[in-house]
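Peer 1: Can you read through this structure? Questions will come right after.
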Amino acid sequence: MPPFFVAPRFETAYYSSISGSNHSVPTLSPRKIVKGFTVKKLIITVLFTLLAAPAALAADRYISDDLFTFMHSGPNNTYRIIGSVNAGSKVQLIKTNRDTGYTQVRDDRGRTGWVQSKFVTNQESMAIRLPRIEKELAEVKEQLANARQTSDAEKAGLVTSLETRNQQISDLENKYSEISDQLTSVETENRELRAKLDTQKDDMLLKYFTYGGGVAGLGLLFGLILPHVMPRRKRSPAGWA
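Numbering follows UniProt numbering, in which position 33 of the sequence shown is assigned residue number 33; successive positions increment by one, without gaps.
Below, the structure is given as structure tokens:
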């Protein structure tokens, strides 16, 4: 059987001082009781208000939710009141009288009685739910803080990694620029060396041609001069002398 709880409501009831009977018999008129109670309560309320006004202006206060409902011995308010049940108390449902609007319950003290059905609910009171809600809220806040911390750490790691990669890219770009400059310089030097080599080749060919021409000219010159310079041998009657 699911647990039930007394809702945060309260009822106003009057009853006689006669005990030991299932039904109470009023000895005073309800109108007189209500009238006397109302006038007295009004006077007390006015005096309390006048006395408490300075304090009320000095600090904030809150209305307590520690209310109660009466428990009767029978299924309506004409039965003897056997006690009261605080709002939010956990009770066991026994049965319900739909005609009178009362429900029989058993409280945590083992007392069995009848209370108005409108005050019985299957929802826990705020006094019971609030600590659990606060605990869940604290857990959610802790999880959120942990998630935020993890997210911040991951973000910082990503920022550091991005900065490192950007630095690596910048270094590679600088190295590429240096290598490109070196390559341009080498190509320029290579062209200059090739030009010098071609010039030297031309000079060497020219020298070769010059030397060759000179040697050929000298040979020709010697060939023409030597026969005239060298004495000829006289021919004897028997042959050359």
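Backbone N, C-alpha and C define an ideal beta-carbon position, used for all residues, glycine too.
Taking one C-beta from the stretch 67-84 and one from the stretch 102-122 each time, how about it: are there three or more such pairs within less than 8 Å?
Peer 2: Short answer: they touch.
Peer 1: Do you know whose CA, among L93, Q116 and Q92, lies nearest D99's CA?
Peer 2: The residue given as residue 99 occupies position 99 in the sequence shown. Measuring from the Cα of D99, the nearest candidate turns out to be Q116.
Peer 1: S89: buried (16+ other C-beta within 10 angstroms of its C-beta) or exposed?
Peer 2: Within the sequence shown, numbered from 1, the residue matching residue 89 stands at position 89. The residue is buried, with at least 16 neighbouring Cβ atoms inside 10 Å.
Peer 1: Among L93, F119 and K118, which has the Cα closest to the Cα of D108?
Peer 2: As a first step, residue 108 is located in the sequence shown; it is residue number 108 there, counting from the start. Checked all of L93, F119 and K118; the closest Cα to D108 is L93.
Peer 1: Tell me the DSSP bridge mates of I81?
Peer 2: Counted from its first residue, the sequence shown places residue 81 at position 81. In DSSP, I81 forms a bridge with H72.
Peer 1: What do you get for M71, buried or exposed, if any count of 16 or more other CB atoms within 10 angstroms of its CB means buried?
Peer 2: By one-based count along the sequence shown, residue 71 stands at place 71. That one is buried.
Peer 1: Counting C-beta neighbours from all protein chains within 10 Å, is the total for V85 16 or more, i.e. buried, or is it exposed?
Peer 2: Taking the sequence shown and counting its residues from 1, one reaches residue 85 at position 85. Buried.
Peer 1: Which ranges does the beta strand (DSSP E) cover as unbroken runs of at least 3 residues, wholly within the stretch 122-148, from first to last along the chain?
Peer 2: Counting only runs of 3 or more, we get nothing.
Peer 1: Return the residue from the list L218, E192, L206 and L67 that minimises the CA-CA distance to S125.
Peer 2: The residue labelled residue 125 in the question sits at position 125 within the sequence shown. Considering only alpha carbons, the answer is L67.
Peer 1: Determine, using beta carbons only, whether I82 and R129 come nearer to each other than 8 Å.
Peer 2: Position 82 of the sequence shown holds residue 82. Position 129 of the sequence shown holds residue 129. No, Cβ-Cβ distance for I82 and R129 is not below 8 Å.
Peer 1: With a threshold of 16 other CB atoms inside 10 Å of the CB of Y176, please say whether the residue is buried or exposed.
Peer 2: Position 176 of the sequence shown, counted from the first residue, corresponds to residue 176. Exposed, by the Cβ-count rule.
Peer 1: Check R98 in the structure and name its three-state DSSP category.
Peer 2: Within the sequence shown, the letter at position 98 stands for residue 98. In this structure, R98 counts as coil in the three-state DSSP scheme.
Peer 1: Consult DSSP for L220 and reduce its assignment to one of helix, strand or coil.
Peer 2: By 1-based counting over the sequence shown, the position of residue 220 is 220. Helix at L220.
Peer 1: Have a look at K155 and D171 and give me their C-alpha separation to the nearest angstrom.
Peer 2: The sequence position of residue 155 within the sequence shown is 155, counting from 1. The sequence position of residue 171 within the sequence shown is 171, counting from 1. So the alpha carbons of these two residues sit roughly 24 Å apart.
Peer 1: Considering only the alpha carbon of each residue, which of P131, W114, L158 and T164 lies closest to R80?
Peer 2: Translated into positions along the sequence shown, residue 80 becomes position 80. Per the Cα distances, W114.
Peer 1: For the candidate residues G213, T96, V186 and Q123, whose alpha-carbon lies nearest to that of A87?
Peer 2: For the purposes of this step, residue 87 is taken as the residue at position 87 of the sequence shown. Here the closest residue by C-alpha is Q123.
Peer 1: Taking just the CA atoms, how far does T184 sit from residue 243?
Peer 2: Missing from the structure shown is residue 243; the chain here goes from 1 to 241 and no further.
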